[in-house]
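Enquirer:
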């Protein structure tokens, strides 16, 4: 089953499928690059170790109460010794609700292209952004922004793939395109001037150039067939209900377009 969207399917992000999709896309990028790069290059999957507070992951705060608590003086049941103690009506203040210090550890995977000539060094880093990278104030975002700045000001290239509608976009001096997604290439010798391509769910994604070591030409990475193959092989369509609204919602015209696509698909089946 194919996605009704010719570009990136926004329901993958909204229906809890992103982590699986991210891992599959990173692996597919590695497989494709290894087939076309000259032998002096190596493609490696790397990862960042991230520890976030549970609260920062958007989970519910928990209430902390004592295991056993009895307030007020105890009275004995009438008619004898022993028995069950009965608490008088409480007169003390109600318990406070406190946030537990709970941390969650996870890993963010990315791709590195290295050269072995004349020595082993990083040439290009390919980052497929995760929701945690775009969450304001998160540890993941802070770590990624430091790395991003070092790459853009250093001697390695950066390819940044943002296929998430939600969250806070990466900072730029000039505004990013008004589009759901974007593809960015920052070259080490262009003084932090980046090429940016808008991307959408209404049309297929553009090829994105992967810079190599000079004088080698860029390798053109065709992302859309990768997305289509991942969607079909993972059977995302069986787990997605396209009749449910998205958050944030699609523009009205795009919702109407989607309804027409679903009608056509239902008629064809």
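Numbering (this note's numbering), first residue to last: 1352 to 1620. For glycine and all other residues, C-beta sits at the position ideal for the given N, C-alpha and C. Values in this document were obtained by computation on a predicted structure and should not be read as measured data.
(1) Can you grab the Cα-Cα spacing for the pair residue 1593 / residue 1362, in whole Å?
(2) Whole-angstrom Cβ separation of residue 1479 and residue 1373, contact assumed at under 8 angstroms?
(3) At what residue ranges does the segment 1476-1529 contain a whole run of the alpha helix (DSSP H), taking only runs of 4 or more?
(4) If you pair each beta-carbon of the segment 1605-1617 with each one of the segment 1374-1386, do three or more pairs fall below 8 angstroms?
(5) In chain order, which beta strand (DSSP E) runs of at least 3 residues are fully inside the segment 1528-1597?
(6) Could you name the residues of the same chain whose beta carbon sits closer than 7 angstroms to that of residue 1466, not counting the 5 residues immediately before and after it, in chain order?
(7) In three-state DSSP terms, what is residue 1374?
(8) Just tell me which of 1500, 1389, 1510, 1601 has its CA closest to the CA of residue 1524.
(9) Between residue 1527 and the rest of its own chain, which residues show a CB-CB distance below 7 angstroms, the 5 nearest in sequence each way excluded?
(10) Look up residue 1601 in the DSSP assignment and say whether it is helix, strand or coil.
(11) Kindly indicate which three-state DSSP category residue 1395 falls into: helix, strand or coil?
(12) Quick one: what does DSSP say residue 1465 is sitting in, helix, strand or coil?
(13) I'd like the list of long-range same chain contacts for residue 1365, defined as Cβ closer than 7 angstroms, with 5 residues on each side in sequence excluded.
(14) How is residue 1426 classed by DSSP in three states: helix, strand or coil?
(15) Residue 1379: which of 1367, 1551, 1396 sits nearest, CA to CA?
(16) Would you call residue 1512 buried or exposed, if buried means 16 or more other Cβ atoms sit within 10 Å of its Cβ?
(17) Please return the same chain residues whose Cβ sits closer than 8 angstroms to the Cβ of residue 1529, not counting the five positions on each side in sequence.
(18) Sort 1619, 1577, 1562, 1489 by Cα distance to residue 1518 and report the nearest one.
(19) If you run the structure through DSSP and keep just helix, strand and coil, what is residue 1470?
(20) Use the C-beta contact count for residue 1358: other C-beta atoms within 10 angstroms, 16 or more gives buried, fewer gives exposed.
(21) What is the rounded straight-line gap between the Cα of residue 1572 and the Cα of residue 1387?
(22) Per DSSP, what kind of secondary structure is residue 1379 in: helix, strand or coil?
(23) Measure how close the beta-carbons of residue 1615 and residue 1561 come, nearest whole angstrom, since I'm counting them as under 8 angstroms.
Expert: Based on what the coordinates show:
(1) Counting from 1 along the chain shown, the entry for residue 1593 is found at position 242. Counting from 1 along the chain shown, the entry for residue 1362 is found at position 11. About 8 angstroms.
(2) To locate residue 1479, count along the chain shown from 1; it is residue 128. To locate residue 1373, count along the chain shown from 1; it is residue 22. Under the criterion of beta carbons closer than 8 angstroms, residue 1479 and residue 1373 qualify as touching, at roughly 6 angstroms.
(3) The segment 1476-1529 contains these whole alpha helix (DSSP H) runs: 1490-1504.
(4) The segment 1605-1617 is not in contact with the segment 1374-1386.
(5) The qualifying runs are 1532-1537, 1545-1550, 1558-1561, 1570-1573.
(6) The residue labelled residue 1466 in the question sits at position 115 within the chain shown. Only 1391, 1392, 1472, 1474, 1564 meet the Cβ criterion.
(7) Here residue 1374 is taken as the residue at index 23 of the chain shown, counted from 1. Residue 1374: helix per DSSP, three-state reduction.
(8) Here residue 1524 corresponds to residue number 173 of the chain shown, with the count starting at 1. Out of 1500, 1389, 1510, 1601, 1500 has the C-alpha closest to the C-alpha of residue 1524.
(9) Residue numbering aside, residue 1527 sits at position 176 when the chain shown is read from its first letter. 1520, 1533, 1547, listed in sequence order.
(10) Reading the chain shown from its first residue, position 250 is the one you call residue 1601. DSSP places residue 1601 in coil when its eight states are reduced to three.
(11) By one-based count along the chain shown, residue 1395 stands at place 44. Strand.
(12) For the purposes of this step, residue 1465 is taken as residue 114 along the chain shown, with counting starting at 1. DSSP places residue 1465 in strand when its eight states are reduced to three.
(13) What you label residue 1365 is simply residue 14 of the chain shown in a count that begins at 1. Here residue 1365 has 1597, 1598 as same chain residues with Cβ atoms under 7 angstroms from its own Cβ, once five neighbours each way along the sequence are excluded.
(14) On the chain shown, residue 1426 is found 75 positions in, with the first residue counted as 1. Annotation note: pLDDT 46 at residue 1426 (below 50); position unreliable, coordinate value reported separately. Residue state, collapsed to three classes: strand.
(15) Position 28 of the chain shown, counting from 1, holds the residue named residue 1379. When C-alpha distances from residue 1379 are compared across 1367, 1551, 1396, the shortest belongs to 1396.
(16) The residue you call residue 1512 lines up with position 161 of the chain shown. Residue 1512 sits buried, since 16 or more C-beta atoms from the chains shown fall within 10 Å of its C-beta.
(17) As a working mapping, residue 1529 is identified with position 178 in the chain shown. 1549, listed in sequence order.
(18) Here the question's residue 1518 lines up with position 167 in the chain shown. Ranking the options by Cα distance to residue 1518, first place goes to 1489.
(19) Numbered from 1 along the chain shown, position 119 holds the residue referred to as residue 1470. The answer is coil: DSSP assigns residue 1470 none of H, G, I, E or B.
(20) As a position in the chain shown, residue 1358 is number 7, starting the count at 1. It is buried - the Cβ of residue 1358 has at least 16 other Cβ atoms within 10 Å.
(21) As a first step, residue 1572 is located in the chain shown; it is residue number 221 there, counting from the start. As a first step, residue 1387 is located in the chain shown; it is residue number 36 there, counting from the start. Our two residues, residue 1572 and residue 1387, have alpha carbons roughly 10 angstroms apart in a direct line.
(22) Mapped onto the chain shown, residue 1379 falls at position 28. Residue state, collapsed to three classes: helix.
(23) As a working note, residue 1615 is residue 264 in the chain shown. As a working note, residue 1561 is residue 210 in the chain shown. That belief does not hold up - the Cβ atoms of residue 1615 and residue 1561 are roughly 36 angstroms apart, past 8 angstroms.
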